[in-house]
Every structure is written in C-alpha cells, then in structure tokens.
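Written below as structure tokens is the structure these notes are about.
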Amino acid sequence: MSEEKIRILVADDEKAIRDGCQRVLSSRGYEIRLAENGSAAVDVLASERIDILLLDLKMPLMGGEEVLEIVRERYPEMPVIIITGHGTVDTAVECMKKGAYDFITKPFQVDPFLITVRRAADKRRLEDQARRFKEESEKNLYDLRLEKSRLRTIVQCMGNGVMVCNRKLEMVLHNPALMQLMEIQGEMQDPCSIREIIGDGTLCETLQKMLNTPGADEVVIQETAAGKKVLRAISAPLLGPERSVVGAVTVLEDITPFKQLDQMKNDFVHMVAHELRSPLVSIRQLNSVILQGLAGPIGEKQGDFINRGNKKIDGLLTLINELLDVAKIEAGQYVQRKVPIRIEKVLGEIFALIEPRAKEHHIDLSCSFKDMIPIYADPKSLEEILNNLITNAINYSPDGGRVRVTAAGLGEYVQILVEDTGVGIAPEELPKIFDKFYRVKHPKTRQVAGSGLGLAIVKGAVEAHHGSIDVESALDKGTTFRILLPAARGDIDQMTDAK
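In my numbering, the protein residues as written are 9 to 507.
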C-alpha cells in the first residue's frame, strides 16, 4: 500500500477541525473523507475502505466511544486516533486501553499531529504487508503440501523402483515397486541405509561420489544386480541452495527380459552364422576346384557362371562376418587383445592392397603423418576400421577424385582424418550413418554393394578402444571422418612395432 493511497476518515462535529485536517493531510498525499458525527462515520466505514480513523470523542447522535466499540468489532485492524480536548484526556487514555492507537489534544500543532498520523499510516502499511505475506506463505504452504501429495502419489504409482537418499546415504523415500524389485518383505523404516538394500557396492560408490561432488548435475546410468534380476539404475543429484548436493534420486528398472532377449539374439546370430558359413565355405572351395579343372575340363561359359556364383558367396560370407562382428561388439568381445601399434605401419600395408583399386578408378590416394606416437589397439580391429573407411572413401568418390588420409599425434591421442571429394552426405542423413543397416541414399552410389553394417562396426570398434569418431560432410563436395584413439602410455622408444 503506497502513502498516496492511505485513506483517512476525519469524524468531528467541528467544521473547523474537519477542514483543517483535510487541508493539512491532503497536502501530504492522503485521501480524506469527512463525517460530522458518529453515525455518519459508521456509514462511511460501511460504504468504502478506510485505513485510518481520526475520531472525536464528543459528537452528537453517536459519541466517539460508541463508534470505537463498533470499529473494534468490525474493523479490528484499523488504527483509531482519538481527538480530544484537555478536559477529556483521561477518557482518551481509557479509549486507548480499549484499542485506540493514539490520541491528540485540541488545539493541536501540525508537526506532532502529522507524526502521529504518519506512525498510524506506517502501522497500517506494515500490517497490510504482514497480512499479504501471511496469505502468500499460507498459499505457498498449501501449494507445497499439494505438490508433495502429487509427487508422492506419482512415485507410489510408478512401475519402476524409486529411492531417494540423503547425504548420509540413508533412504528417505521409496515406493512399492522398489520393494518388489529388491524382493523385500514387510515394511522398511525411513531413513535406512542404502547399503542394507542395495547389494551392489558399485552403485553405492556412484551415489557416494555424486554426493561428495559440489554442484554435480550429471545423470549416471549403470547396471546392477538384485538376486537373479538385472536392473538399470538411473541416478541424479538433488540440488539445494547455491547448487549444493543435498541428496540423490535413483530410478531402478528391471531389464532382465531384455538381457535374456539380447543373449538369445546373440546366440541365434552365432548359430545361424556358423550354420551358414560352413556350407558356404565348402561350396566356395568346391567351385575353386572346378575352376582349376581338377574335376575335369569346363567351358568358358560354365567358368563365368561359377565365378558369378563365387562373388555372391563372397558377399554372403562378408555379411555373415559383419553380423558376427556386430554381435561381438554388442557383447563387448570385439577387441580381443591390445598391443602397441604404429598406425603408419598399418596404413602402409592397407595402402599396398588398396592402391591398385584406387588407380583403377583414377583416385588420387595419399597419406601423411605428423608427430606420430604408438597406440594400444587390437591389430585386426584397427585394420578393419581403417580399411573400411578408406574403401568407403574410394567407393563413394567419382573417377578422378581424391582420398587423403592424415594421421597426427595430439598429446594423449592420435588423430586420423579420412577425407574424400566424393558425393557427400545430406545433413539430414548424417545422424543416421552409424546406424545398423543404414545406407546413404544417392543416385551415384546405387551400384555400390554393401549391407549398411560397415560404419556401425567402425563406430563400435573405435568406442571399444575408448576412442571417438565424428563426421563432416557436404553434398557433392566430400566427406571427412575424424577418429581419435588414445595413445599408448609409457616410454615410446621401448615399444615394439608389433602388429
């Protein structure tokens, strides 16, 4: 409530007092209402908002004391300033005992009068502010209780297990789904130690680390075990004032059926691959025997048919091997062993095999090295990564194009760039190129055979070496793949060039 909006009612039977109060108070920004007797004052109070009442004790029709009783009953928050003569000071004091705010005596001086009114106005403002704060506080508390009730209802109805812990790793909130997942019978006391519920020490360590990291905001996803069940735990910190970590919330989901399904899929892929690869290899070998004339002479046409059949067999064998590679990557078994390797040596051997094909398509194939350092890698996996990217660069570059491979040591990493001036990749397709079985759609690449697994295998293999891969491309201008692989630690000079 601003000072300009303070509304004062002056109730006095003397017109000079009413006019004097109006003149003095209006000049200070107050809104003034006038009443010539107590009955008129009561009517004004009933018809509009009044903040302060200046009340004369001796008035006709209804005296000030009677008005004061009505005001205390109907408007208890309103400050009442008694206007009294010297002869009725004792009465004014009695009025203050009955609830009046203060009194002034006639004739009164302007400065003391204004001070008394100003104090009453400040009191009214403070009371109004306190009332608003109280209302807002009550509303906030109501909203908080309502929100807490909603949150508890949501948590209780969730199908996934939920647990909230404090900084002492004590569980302060949980839901029935958690009890079911952890196979806990009966009631649990809140708070209780997380370690008594979660048998996996790794999850407890994750939560402890999260609680001990100021300003932590990272969501951690990991797997944990509960008896024969496999659970996925998604944990996030709860932040308090100034981003301090006051607790953590963990959502637990039963992924046992998905794990079993994934294992069934891997078993199926291995079984099918073995059952298909063995007969295909046998057929390939028999065809080679026939082509060599060891089973008798064959004509040129028959030889051409057998060669075509062998190409189809080779394509199927490649697909089977890629499916097996994908299964190994998903099972975390793709990288069998790591040894110190110099990438320049691996690239040299790959170039020796690929250069004839590049020359056949009039592709300018080049390679450069700078500040090279060894890396720890699986030789077979590394060769497949580089061979796949370079072969793709050649396949997707028009005759007369250029493919450049650049390798450089960057501190703790080795960077490999495979750049081409080929057909490029559309921006909307870039996020999908590492998906399994996805192939870039371009009129100039329809003749390029492939399963769409090559780049998925490359990405999986790079990540299995704790590296990263990204790509930049522009349509009809070319594509650049960038790989970062961790460098080998230790004395570089003592490392062998094993492969």
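Glycine is no exception: its CB is placed at the ideal position from the N, C-alpha and C atoms.
Annotated as proximal: residue 91 and residue 62, with beta-carbon spacing under 7 angstroms. In this chain, residue 221 is not harboured by any beta strand (DSSP E), its DSSP state being neither H nor E.
Here the region 461–470 lies against the region 326–345, with 3 or more beta-carbon pairs under 8 angstroms apart. Taking the Cα positions, residue 319 is about 34 angstroms away from residue 415. For residue 366, the CB contacts under 6 angstroms within the same chain, skipping 5 residues up- and downstream, are 373 and 402 in chain order. Sixteen is the threshold: since fewer than 16 other Cβ atoms of the shown chains lie within 10 Å of the Cβ of residue 307, the residue is exposed. In the three-state DSSP reduction, residue 28 falls in the helix class (H, G or I).
Taking C-alpha positions only, residue 496 is separated from residue 476 by approximately 16 angstroms.
Fewer than three Cβ pairs drawn from the region 230–249 and the region 283–302 lie within less than 8 angstroms of each other, which leaves the two stretches out of contact. Between residue 352 and residue 377, the C-beta spacing is below 7 angstroms. Excluding residues up to 5 positions away in sequence, 374 and 427 lie with their Cβ nearer than 6 angstroms to the Cβ of residue 412 in the same chain. Judged by DSSP secondary structure, residue 174 falls within the beta strand (DSSP E) whose first and last residues are 169–174. Annotation for residue 285: 325 and 328 place their beta carbon closer than 7 angstroms to its own, counting only its chain and skipping 5 residues before and after. According to DSSP, residue pairing for residue 121 in a beta bridge does not occur. Secondary structure at residue 420: coil, using DSSP grouped into helix, strand and coil. Distance from the CA of residue 490 to the CA of residue 480, rounded to the nearest whole angstrom, comes to 8 angstroms. Only residues of its own chain outside the window of five on either side were considered, and among them 251 have a CB closer than 6 angstroms to the CB of residue 223, listed in chain order. The beta-bridge partner set that DSSP reports for residue 200 consists of 179. Contact between residue 205 and residue 239 is ruled out by a C-beta separation of about 12 angstroms, above the 8 angstroms threshold. Residue 481 has 487 as its beta-bridge partners, per DSSP.
For residue 302, the three-state secondary structure derived from DSSP is coil. Spanning the alpha carbons of residue 37 and residue 26 requires a straight line of approximately 16 angstroms. Contact annotation, residue 230 with residue 215: C-beta distance approximately 11 angstroms; criterion of less than 8 angstroms not satisfied.
Per DSSP, residue 261 is one residue of the beta strand (DSSP E) stretching across 253–262. Taking C-beta separations shorter than 7 angstroms and ignoring five residues to either side along the sequence, the partners of residue 345 in its chain run 386, following chain order. Within 10 angstroms of the beta-carbon of residue 97 lie fewer than 16 other beta-carbons, which makes it exposed. If only complete runs of 3 or more residues are kept, the region 398–445 shows the beta strand (DSSP E) at 410–418 and 421–428, in order along the chain.
Residue 21 is positioned such that its CB atom lies closer than 7 angstroms to that of residue 44. Nearest to residue 87 by C-alpha distance, out of 101, 58, 113 and 74, is 58. When secondary structure is reduced to three states using DSSP, residue 141 falls in the helix class.
The beta carbon of residue 15 sits closer than 7 angstroms to those of 39, 41, 57, 58 and 59, all from its chain and outside the five residues before and after it, given in chain order.
In its chain, beyond the 5 residues on either side, 373 have a beta carbon closer than 8 angstroms to the beta carbon of residue 363.
Of all alpha-carbon atoms in 100, 51 and 71, the one lying nearest the alpha-carbon of residue 82 is that of 51. CA-CA distance, residue 277 to residue 236, rounds to 25 angstroms. In the structure shown, the three-state DSSP call for residue 116 is coil.
No residue range can be given for residue 345, since it is assigned to no beta strand (DSSP E) and is classified by DSSP as neither H nor E.
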